[in-house]
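Q: So that we are looking at the same thing, I have put the structure below in structure tokens.
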Amino acid sequence: MALRSQRWSAGDWIATWWKCGYTNGMKTAVSIPDKLFKGADRLARRTKRSRSRLYGDALKEYLARHAPDEVTEAMNRACTEVGDAKDRFVSALTHRILERSEW
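Spelled out as structure tokens, the structure:
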């Protein structure tokens, strides 16, 4: 076997070992209240996802909601897909709803 006869440097060994992890991405530790942890744990089991996946999904959703540029881009894409058809009733109704909405 070629691997046994090849001499590996410490850097080669570490680089190879690092790639053998069971997850892709950054690992981090956070402290959360017990009640929040228990709720997240129940939701992860109920939805058959790992806690890591659940936390990642939750953070992704939070970031999406709080990134105004991305929200604007998503709305622009949706408007482009819908088209440019004008309906006076819909326009008036939309205008009234937007006036009442908190931005």
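Counting from 499, one number per residue, gives the positions in the sequence shown under the numbering used here.
Note that the Cβ used here is the ideal one computed from N, Cα and C, for glycine as well.
Hey, LEU541 and LEU552: beta-carbon distance below 8 Å or not?
A: By 1-based counting over the sequence shown, the position of residue 541 is 43. By 1-based counting over the sequence shown, the position of residue 552 is 54. Yes; because the gap between Cβ atoms is below 8 Å, this pair is in contact.
Q: Between which residues of its own chain and CYS577 is the CB-CB distance below 8 Å, once the five residues before and five after are set aside?
A: Within the sequence shown, residue 577 is the residue found at index 79, counting from 1. For CYS577, where only same-chain residues beyond five positions count, there are no Cβ hits under 8 Å.
Q: Can the beta-carbon of ASP539 be found closer than 8 Å to that of ARG547?
A: Taking the first residue of the sequence shown as position 1, residue 539 is located at position 41. Taking the first residue of the sequence shown as position 1, residue 547 is located at position 49. No. Outside cutoff.
Q: Hey, how far is the Cα of ARG598 from the Cα of SER529?
A: Indexing the sequence shown from 1 puts residue 598 at position 100. Indexing the sequence shown from 1 puts residue 529 at position 31. Cα to Cα, the separation comes out at about 38 Å.
Q: Look at ALA562 and GLU568 and say whether their C-beta atoms are less than 8 Å apart.
A: Taking the first residue of the sequence shown as position 1, residue 562 is located at position 64. Taking the first residue of the sequence shown as position 1, residue 568 is located at position 70. Contact flag set, yes.
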